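Position one of the sequence shown corresponds to residue 118 (the numbering used here), numbered consecutively onward.
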Amino acid sequence: MRMDGEWPAIDAAEAVWLTQLRLDIGTSGQSDEQTWTLVTPETYTSQGGATLTLQEDGSLLASGENPAKEVYEVIAPIEAGEWRTVQLEGLTDPSLTMMGTGRSKNSNVVLTEFEVYVATADKPDEWQRIKLTRVWADHEQTNGDFKIQNAIDGKPQTGWATAGFEKIENRKAWFLAEQPFGVQGGKIKIVQRFESIYAQHQFGRVRLSLTKSDPLPTDLPKEIENLVRMEPDKLNDGQRKQLRTHYRQKVTADAEYIAVRNDLDATQKQRNDLNGQIPTTLVSKEQPKPKPSYFLKRGEYDQKGDEVGRATPPALPPFNSEWPQNRLGFAYWLTDAAHPLTARVAVNRFWQQVFGTGIVKTSEDFGSQGSPPSHPELLDWLAVEFREQGWDIKRLMKLLVMSATYRQSSRVTPDVLEADPRNRLLARGARFRLDAEMLRDQALSVSGMLVEQMGGPSVKPPQPTGLWKAVGYTGSNTANFKPDSGPEKVHRRTLYTFYKRTSPPPQMTTFDSPSREACTVRRERTNTPLQALLLFNDPQYVEAARALAQRAVASAPDAEQRMRLMFELCTARQPSSEELDELLAGYQQDLAAYQADTEAAGELLKVGEYPLPESYDPAELAAWTMTANLLLNLDEVVTRN
Numbered sequence: 118m119r120m121d122g123e124w125p126a127i128d129a130a131e132a133v134w135l136t137q138l139r140l141d142i143g144t145s146g147q148s149d150e151q152t153w154t155l156v157t158p159e160t161y162t163s164q165g166g167a168t169l170t171l172q173e174d175g176s177l178l179a180s181g182e183n184p185a186k187e188v189y190e191v192i193a194p195i196e197a198g199e200w201r202t203v204q205l206e207g208l209t210d211p212s213l214t215m216m217g218t219g220r221s222k223n224s225n226v227v228l229t230e231f232e233v234y235v236a237t238a239d240k241p242d243e244w245q246r247i248k249l250t251r252v253w254a255d256h257e258q259t260n261g262d263f264k265i266q267n268a269i270d271g272k273p274q275t276g277w278a279t280a281g282f283e284k285i286e287n288r289k290a291w292f293l294a295e296q297p298f299g300v301q302g303g304k305i306k307i308v309q310r311f312e313s314i315y316a317q318h319q320f321g322r323v324r325l326s327l328t329k330s331d332p333l334p335t336d337l338p339k340e341i342e343n344l345v346r347m348e349p350d351k352l353n354d355g356q357r358k359q360l361r362t363h364y365r366q367k368v369t370a371d372a373e374y375i376a377v378r379n380d381l382d383a384t385q386k387q388r389n390d391l392n393g394q395i396p397t398t399l400v401s402k403e404q405p406k407p408k409p410s411y412f413l414k415r416g417e418y419d420q421k422g423d424e425v426g427r428a429t430p431p432a433l434p435p436f437n438s439e440w441p442q443n444r445l446g447f448a449y450w451l452t453d454a455a456h457p458l459t460a461r462v463a464v465n466r467f468w469q470q471v472f473g474t475g476i477v478k479t480s481e482d483f484g485s486q487g488s489p490p491s492h493p494e495l496l497d498w499l500a501v502e503f504r505e506q507g508w509d510i511k512r513l514m515k516l517l518v519m520s521a522t523y524r525q526s527s528r529v530t531p532d533v534l535e536a537d538p539r540n541r542l543l544a545r546g547a548r549f550r551l552d553a554e555m556l557r558d559q560a561l562s563v564s565g566m567l568v569e570q571m572g573g574p575s576v577k578p579p580q581p582t583g584l585w586k587a588v589g590y591t592g593s594n595t596a597n598f599k600p601d602s603g604p605e606k607v608h609r610r611t612l613y614t615f616y617k618r619t620s621p622p623p624q625m626t627t628f629d630s631p632s633r634e635a636c637t638v639r640r641e642r643t644n645t646p647l648q649a650l651l652l653f654n655d656p657q658y659v660e661a662a663r664a665l666a667q668r669a670v671a672s673a674p675d676a677e678q679r680m681r682l683m684f685e686l687c688t689a690r691q692p693s694s695e696e697l698d699e700l701l702a703g704y705q706q707d708l709a710a711y712q713a714d715t716e717a718a719g720e721l722l723k724v725g726e727y728p729l730p731e732s733y734d735p736a737e738l739a740a741w742t743m744t745a746n747l748l749l750n751l752d753e754v755v756t757r758n
């Protein structure tokens, strides 16, 4: 049972707790004990130049000028008394965008600051600011930091967003003063600031009220209290989960749940302690003030033209004004459901990994110069599936390799070859040579040498001497290559091997691995005699062949069973009788040759660091090593069929 899943007894107790709590503190300021007194404006101004018109219900309606930033100021008479709470209502109106509450293009509002001042009758120009200590609202925008608390934090760059684009309805917020206020014959001034980075995000129609009610004090965190005060049917799933988490973590007395929770907390502490020991490094940090960028004439850094802001090129989808103009906003833009490229490009590259060629063959170019998709509807379906399933790469790869298309035979018949010579219609299974990294890892795996440890620093398997010296700087260590020793390093996955871009390992480049000096989305595959020579003679592959031979000799009692075992490990099938006879005949030839030249057998078995068995026949093991070397070089082994 999940900690955040259904626990019937606890869920029932939580419902009782919430009901009683709402009765105690009042929900959303709508308690019957609270009486709201309308703030009747005497003067009301817009610093941005909008026209404010007083309506019959006491609200103010904005029209005319619609500036990017706005400040509303309302001054009204106030009676003596212990006023405690100010209510702000954002009201819908037919004259506003989408008939909502805001003046922005999507009717959203971001209130950056809410200020309350009072002045006495004898000193009408000396405004004393009222300290607001608690605030809550009936709704908050959830995709970002737009909590109502931001409206009283004194920071113009933060604010309360109403998410006016989600649902067209009135919005309310309540602001509690630290101390009661009120002066006979005095004035109250209420200032609403809309100064965020989001242009024109101000209320179009507002109404203000006061109450003397003092909400009951609670020991709840402010965020939880705000949720309790909201109308239950206006809570979204995330807010309900937040209430549930608070109840289960801080309130419940259920013994079974507490025991499980304590065990989980202890396990999480162990994990956190372990994570705390892992070194970290700063990857990027947003500057408080973005560095200005300029159009460079002819690309010359000292020939600055006009300053340019952060935005996407016109040829790409527009950047939503609701998103922050930083790396987070860029991530929102990339993964937005309306983005036509991200999901398609991603699934096309995964398809290319599995099938050798992408649905769009030019996986590096989806533009007008690229090739059109062979199966456009399939590409669209995979892209939507990938996005809707939470960008789950493992799930997508499983979907691809379990498909009938992937599992079909790669045999070529004359009819299929004539109809689909390049297999763009997927009439047969894909057939292509494995990438350089996969070839090395495959040899290590079938031989039993592969070290599957994850993480850690890069390792340096052996390579021909002198390669770094040819490109290294004189007098520096960039010219000195020192291979690592020990199977725990030399036999790690190729992912963890050191890669010098100016002198990449020849085992990789021979099989078309890029130098990594530039991003390569699609590798070109070549077939050259040098590749076969490398598989036969490279020390890493010779060592893998010896380890495979030792594995077979230790696992099977006679030559035929050893041959069958090695063949199956390399090809994932049993050899035919003809194949078996040829391989055994070749083994006997090698055995006779090494029995006649034991020195050559000894030299062959010295290659690599993989330990030799305690007792062995050098000629026999050398002959099996050559047979394993042959198997690792079979077209069927180095090719995906």
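C-beta atoms are modelled at their ideal positions from N, C-alpha and C, and glycine is treated no differently. Quantities reported herein were computed from a predicted structural model and do not represent experimental measurements.
| query | Quick one: what's got a C-beta closer than 7 Å to Gln648's C-beta in the same chain, skipping five residues either side? | reply | Thr627, Phe628
| message | Here's the rule I'm using: 16 or more other beta-carbon atoms within 10 Å means buried, otherwise exposed. How should Pro334 be labelled? | response | Per-residue confidence for Pro334 stands at a pLDDT of 47, beneath the threshold of 50, marking its modelled position as unreliable; no derived number is given.
| request: Check whether the segment 459 to 469 touches the segment 498 to 505, taking contact to mean three or more Cβ pairs, one atom from each stretch, closer than 8 Å. | output: yes
| said: Quick check on DSSP: helix, strand or coil for Tyr411? | reply: strand
| request: Within 10 angstroms of the Cβ of Pro430, are there 16 or more other Cβ atoms? Answer buried if so, exposed if not. | output: exposed
| Val156 and Val191 look like a contact to me (Cβ under 8 Å); what is the Cβ gap, rounded to whole Å? | 7 Å
| query | By how many angstroms is the C-alpha of Ala280 removed from the C-alpha of Thr144? | reply | Low local confidence applies: a pLDDT of 47 at Thr144 is under 50, so the model's placement there is unreliable, and no value is given.
| field | Cβ neighbours of Asp655 in the same chain (closer than 8 Å, five flanking residues each side left out) | value | Gln624
| task | Look up Thr160 in the DSSP assignment and say whether it is helix, strand or coil. | result | strand
| message | With DSSP as the reference, identify every bridge partner of Leu169, one or two as the case may be. | response | Ala179
| message | I believe Trp277 touches Asn287 by the beta-carbon criterion, under 8 Å. Please report the beta-carbon distance rounded to the nearest angstrom. | response | Not really, about 15 Å apart at Cβ, beyond 8 Å.
| field | 8 Å Cβ cutoff met for Thr218 and Gly321 | value | yes
| request: Evaluate Thr795 with the Cβ neighbour count: other Cβ atoms within 10 Å of its Cβ, from every protein chain shown; 16 or more gives buried, anything less gives exposed. | output: No answer is possible for residue 795: it lies beyond the span of the chain, which begins at 118 and ends at 758.
| request: Within the same chain, show all residues whose beta-carbon is closer than 8 Å to that of Asn353, passing over the 5 residues directly before and after it, in chain order. | output: Thr259
| message | If you reduce the DSSP assignment to three classes, tell me which class Gly207 lands in. | response | strand
| field | Cβ pair Arg139, Val345 closer than 8 Å | value | yes
| field | Length of the line joining the Cα atoms of Ile375 and Glu123 | value | 15 Å
| query | Does the segment 307 to 317 come close enough to the segment 230 to 239 to have 3 or more Cβ pairs within less than 8 Å? | reply | yes
| field | contact_flag[the segment 609 to 616, the segment 561 to 576] where n(CB pairs < 8 Å) is 3 or more | value | yes
| request: Determine the direct distance from the alpha carbon of Trp253 to that of Glu131, and round the result to whole angstroms. | output: 22 Å
| Should Leu748 be labelled buried (16 or more other beta-carbon atoms within 10 Å of its own) or exposed? | buried
| How many Å lie between Pro435 and Pro441 at the Cα? | 13 Å
| message | Can you give me the C-alpha to C-alpha distance between Leu325 and Pro184, rounded to a whole angstrom? | response | 22 Å
| Count the other CB atoms within 10 Å of the CB of Glu685; is the residue buried (16 or more) or exposed (fewer)? | exposed
| request: Answer yes or no: do Glu553 and Ser491 have a C-beta to C-beta separation smaller than 8 Å? | output: Residue identity differs from the one stated: residue 553 is Ala in this sequence, not Glu. Cβ atoms of Ala553 and Ser491: not closer than 8 Å.
| field | Backbone CA spacing between Ile510 and Gln470 [nearest angstrom] | value | 12 Å
| Assumed close pair Leu700, Thr744 - CB separation to whole angstroms, cut-off 8 Å | 6 Å
| request: Taking only runs that begin and end inside the segment 518 to 544, name each unbroken alpha helix (DSSP H) of 4 or more residues, in chain order. | output: 521 to 524, 531 to 536
| request: Quick one: give me the first and last residue of the beta strand (DSSP E) that Trp498 is part of. | output: Looking at the DSSP string, Trp498 is not in any beta strand (DSSP E); the run it does join, the alpha helix (DSSP H), is 493 to 505.
| said: Rounded to whole angstroms, what is the Cα-Cα separation between Asp734 and Pro622? | reply: 34 Å
| field | Rounded straight-line distance, which links the Cα of Gln570 to that of Leu433 | value | 42 Å
| query | Three or more beta-carbon pairs under 8 Å between the segment 292 to 305 and the segment 241 to 252, yes or no? | reply | yes
| Using a Cβ-Cβ cut-off of 6 Å (strictly less than) and excluding sequence neighbours within five positions of Pro692, which residues of its own chain qualify? | Phe684
| task | Take Glu634 and list the residues in its own chain whose beta-carbon comes closer than 6 Å to its own, dropping the five residues that flank it on each side. | result | Arg618
| Cβ-Cβ distance between Ala739 and Leu721 below 8 Å | yes
| Are Gly175 and Gly299 close, meaning C-beta to C-beta below 8 Å? | no
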